[in-house]
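Here our numbering is used: the first residue of the sequence shown is 120, the next is one more, and so on.
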Amino acid sequence: MTATLRSLLRHETILAILLVIVLFALASQSDRFFTTANLLNQGRLMAEVGLVALAMTFVIVTGGIDLSVGSILGLTAILLGVFWHNLGVPLPVAMVLAVVAAGIGGLVNGVIITRFKVPPLIATLATLALYRGLAEGISQARSVRGYPDWFFVLGQGDVWGVPTQLWILGALVIVAGVILGLTTFGRATYAAGANETGARFSGISVDRTKLLIYTASGLVAGLAGVIFVSRVSTTRSDMGTGLELDVITAVVLGGTSIFGGRGTIIGTVLGLILMQALKNGLALSGVKGDGTIVVIGLVLILAIVASNLFSREGDG
């Protein structure tokens, strides 16, 4: 355990140093990078990815993966519009119903993985297609607009000069950090990823732990979907497409092992900030969207390789 802790601290320290270097390097390329307006805007833009990344940290620590989070976000957005606009449900109730539906989507993932023993990669790849297909089928390529002004506080508003969704993200960072690092459930999460067989022999309900985690992943993706709609003022079935790549990149870059058993919330936050800084800095430097995607892909590959090296070092 001590060796693992040292490995985590070393990874996070290196990541923090790298983040500082990258920030100053990008700032040297554009005078706009370190402006208050730009930093707050980037915080607003990364909130949805950050929220989902918190839940994804738990998923990957167990040795799993959830590729369906982007599709769940898109389905949540569509259901929000349908409940409110088409069925006449009061918007606050529609928001709750849409998030609950997202949680059910996560629960379905968990049931497929724990009860039917389908590998998480295959299970969530299938539900990625299923939930996206449902979103497109329900929406019929139509969007919903005209939400009341109060709804936009979530995605476009500020509290004491800080974007509302950053306050939400900050609160959930604290909650997730406490749960993963200081509770029995957090220890069960690590144990399930480090040695599932050993965890079962120790009396840990691995299936229940995973079921709760995948359900939470769906719920948080649903919350992110509601915030996304509030930020862009409309609903579309393609919302959240590709979100899973950014989420997994942030988590793995933050030191969470794709093999399970290792990871921290603070590492995920550092990975998230580094990834968003790269995207913003490259855009300000004139790099087009395709180039940014290539860089993010390379960063993900490097993060996985680094994760593998840390895992081997820990085993040694």
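Yeah, the Cβ is synthetic: ideal placement off N, Cα and C, and Gly gets one too.
Subject >> Where the alpha helix (DSSP H) through Val272 begins and ends >> reply: As a first step, residue 272 is located in the sequence shown; it is residue number 153 there, counting from the start. Run containing Val272: 272–275, per the alpha helix (DSSP H) assignment.
**OP:** Use the C-beta contact count for Trp203: other C-beta atoms within 10 angstroms, 16 or more gives buried, fewer gives exposed.
**Re:** The sequence position of residue 203 within the sequence shown is 84, counting from 1. Around the CB of Trp203, 16 or more other CB atoms lie within 10 Å, so the residue is classed as buried.
Subject >> Inter-residue spacing [alpha-carbon to alpha-carbon] between Met504 and Thr368 >> reply: Since the first residue shown for the chain is 120 and the last is 435, residue 504 is missing from the structure and cannot be characterised.
**OP:** May I have the straight-line CA-CA distance separating Gly337 from Gly296, to the nearest angstrom?
**Re:** Along the sequence shown, read from residue 1 onward, the residue named residue 337 stands at position 218. Along the sequence shown, read from residue 1 onward, the residue named residue 296 stands at position 177. If you take the alpha carbons of Gly337 and Gly296, they lie about 18 angstroms apart.
**OP:** Give a yes or no on whether the C-beta atoms belonging to Ile287 and Leu170 are separated by under 9 angstroms.
**Re:** Here residue 287 refers to the residue found at position 168 when the sequence shown is read from its first residue. Here residue 170 refers to the residue found at position 51 when the sequence shown is read from its first residue. Going by C-beta atoms, Ile287 is nearer than 9 angstroms to Leu170.
Subject >> Beta-carbon spacing of Val139, Leu342 below 9 angstroms >> reply: For the purposes of this step, residue 139 is taken as the residue at position 20 of the sequence shown. For the purposes of this step, residue 342 is taken as the residue at position 223 of the sequence shown. With contacts defined by Cβ atoms closer than 9 angstroms, Val139 and Leu342 do not form a contacting pair.
**OP:** Counting only the same chain and skipping the five closest in sequence on each side, list residues whose C-beta sits under 8 angstroms from that of Met120.
**Re:** As a working mapping, residue 120 is identified with position 1 in the sequence shown. Annotation note: pLDDT 46 at Met120 (below 50); position unreliable, coordinate value reported separately. Excluding positions up to five away in sequence, the list is empty.
**OP:** Would you check whether the ligand ZN has a heavy atom nearer than 8 angstroms to the C-beta of Val139?
**Re:** Inclusion of the ligand ZN in the displayed structure is not the case, the ligand content being empty and no account of it being possible.
**OP:** Identify every run of the alpha helix (DSSP H) within the region 141–188, keeping only runs that are complete inside it and at least 4 residues long; order them along the chain.
**Re:** Listed in chain order, they are 155–180.
**OP:** Express the C-alpha separation of Leu199 and Ile332 in angstroms, rounding to a whole number.
**Re:** The residue labelled residue 332 in the question sits at position 213 within the sequence shown. The residue labelled residue 199 in the question sits at position 80 within the sequence shown. Straight-line Cα distance between these residues: approximately 23 angstroms.
Subject >> Closest Cα partner of Val413 within the set Val424, Ala254, Leu401 >> reply: For the purposes of this step, residue 413 is taken as the residue at position 294 of the sequence shown. With distances taken between CA atoms, Val413 lies nearest to Leu401 out of Val424, Ala254, Leu401.
**OP:** Taking 8 angstroms as the threshold, find out whether the region 345–361 comes into contact with the region 175–186 through three or more Cβ pairs.
**Re:** Too few Cβ pairs lie closer than 8 angstroms, so no.
Subject >> For Leu249 and Ser352, the rounded distance between their alpha carbons >> reply: In the sequence shown, counting from the first residue as 1, residue 352 sits at position 233. In the sequence shown, counting from the first residue as 1, residue 249 sits at position 130. Distance from the CA atom of Ser352 to the CA atom of Leu249, rounded to whole angstroms, is 25 angstroms.
Subject >> Selection from Leu419, Val292, Gly405 that minimises the alpha carbon distance to Ile377 >> reply: Locating residue 377 in the sequence shown gives position 258, where the first residue counts as 1. When only C-alpha atoms are compared, the closest one is Leu419.
Original post:
In whole angstroms, what separates the C-alpha of Asp277 from that of Arg355?
Top reply: The residue you call residue 277 lines up with position 158 of the sequence shown. The residue you call residue 355 lines up with position 236 of the sequence shown. Straight-line Cα distance between these residues: approximately 24 angstroms.
Subject >> Residue interval of the alpha helix (DSSP H) (run including Ser349) >> reply: By one-based count along the sequence shown, residue 349 stands at place 230. Annotation for Ser349: the continuous alpha helix (DSSP H) segment containing it runs 325–351.
Original post:
Along the chain, where does the alpha helix (DSSP H) that runs through Gln395 open and close?
Top reply: On the sequence shown, position 276 is the one that residue 395 refers to. Bounds of the alpha helix (DSSP H) holding Gln395 are 384–403.
**OP:** May I ask you to report which of helix, strand or coil DSSP gives Pro209?
**Re:** Stepping through the sequence shown from its first residue, residue 209 is reached at position 90. Residue state, collapsed to three classes: coil.
**OP:** Can you say whether Asn160 is buried or exposed, counting buried as having 16 or more other CB atoms within 10 angstroms of its CB?
**Re:** By one-based count along the sequence shown, residue 160 stands at place 41. With fewer than 16 other Cβ atoms within 10 Å, it is exposed.
Original post:
Taking the C-alpha atoms as reference points, what is the distance between Pro267 and Ala422?
Top reply: By one-based count along the sequence shown, residue 267 stands at place 148. By one-based count along the sequence shown, residue 422 stands at place 303. For Pro267 and Ala422, the distance between alpha carbons rounds to 42 angstroms.
**OP:** Could you tell me the boundaries of the alpha helix (DSSP H) in which Trp286 lies?
**Re:** Along the sequence shown, read from residue 1 onward, the residue named residue 286 stands at position 167. First-last of the alpha helix (DSSP H) with Trp286: 283–301.
Original post:
Between the region 143–163 and the region 209–226, do three or more beta carbon pairs fall short of 8 angstroms?
Top reply: Short answer: they don't touch.
**OP:** Could you name the residues of the same chain whose beta carbon sits closer than 8 angstroms to that of Ile415, not counting the 5 residues immediately before and after it, in chain order?
**Re:** As a position in the sequence shown, residue 415 is number 296, starting the count at 1. For Ile415, same chain residues with a beta-carbon under 8 angstroms away, outside a window of 5 residues either side, are Leu364, Asp365, Thr368, Met394, Leu397, Lys398 in chain order.
Original post:
Which class does Met120 belong to by DSSP, given the choice of helix, strand or coil?
Top reply: Working through the sequence shown from its first residue, we reach residue 120 at position 1. Low confidence applies here, because Met120 scores a pLDDT of 46, under 50, leaving its location unreliable; read the following figure in that light. Coil.
Original post:
For the putative contact between Ile191 and Gly224, defined by C-beta atoms under 8 angstroms, what is the C-beta separation to the nearest angstrom?
Top reply: Here residue 191 refers to the residue found at position 72 of the sequence shown. Here residue 224 refers to the residue found at position 105 of the sequence shown. Between Gly224 and Ile191 the Cβ distance is about 5 angstroms, and since that is below 8 angstroms, they are a contact.
Original post:
In three-state DSSP terms, what is Thr132?
Top reply: Working through the sequence shown from its first residue, we reach residue 132 at position 13. Correct three-state label for Thr132: helix.
Subject >> Distance, Ile136 Cα to Leu441 Cα >> reply: What the structure shows of the chain is the stretch from 120 to 435, and residue 441 is not part of that stretch, so it cannot be assessed.
Subject >> Tyr250, enclosing alpha helix (DSSP H) - first and last residue >> reply: On the sequence shown, position 131 is the one that residue 250 refers to. Here the alpha helix (DSSP H) through Tyr250 covers 239–258.
Original post:
Going by C-alpha distance, which of Gly193, Val141, Phe177 is nearest Asp357?
Top reply: Within the sequence shown, residue 357 is the residue found at index 238, counting from 1. Ranking the options by Cα distance to Asp357, first place goes to Gly193.
Subject >> Per-residue burial, Lys236 [other beta carbons within 10 Å of its own, 16 or more giving buried] >> reply: Translated into the one-based positions of the sequence shown, residue 236 becomes position 117. Lys236 comes out exposed.
Original post:
Can you tell me where the alpha helix (DSSP H) with Gly265 in it begins and where it stops?
Top reply: In the sequence shown, residue 265 corresponds to position 146, counting from 1. Annotation for Gly265: no alpha helix (DSSP H) segment contains it, and DSSP assigns it neither H nor E.
Subject >> N-terminal and C-terminal residue of the alpha helix (DSSP H) that Thr375 is part of >> reply: Numbered from 1 along the sequence shown, position 256 holds the residue referred to as residue 375. Taken as a continuous stretch (DSSP letters only), Thr375 belongs to no alpha helix (DSSP H), as it is neither H nor E.
Original post:
Run through DSSP, which three-state label would Thr411 get?
Top reply: Within the sequence shown, the letter at position 292 stands for residue 411. Of the three classes helix, strand and coil, the one that applies to Thr411 here is helix, per DSSP.
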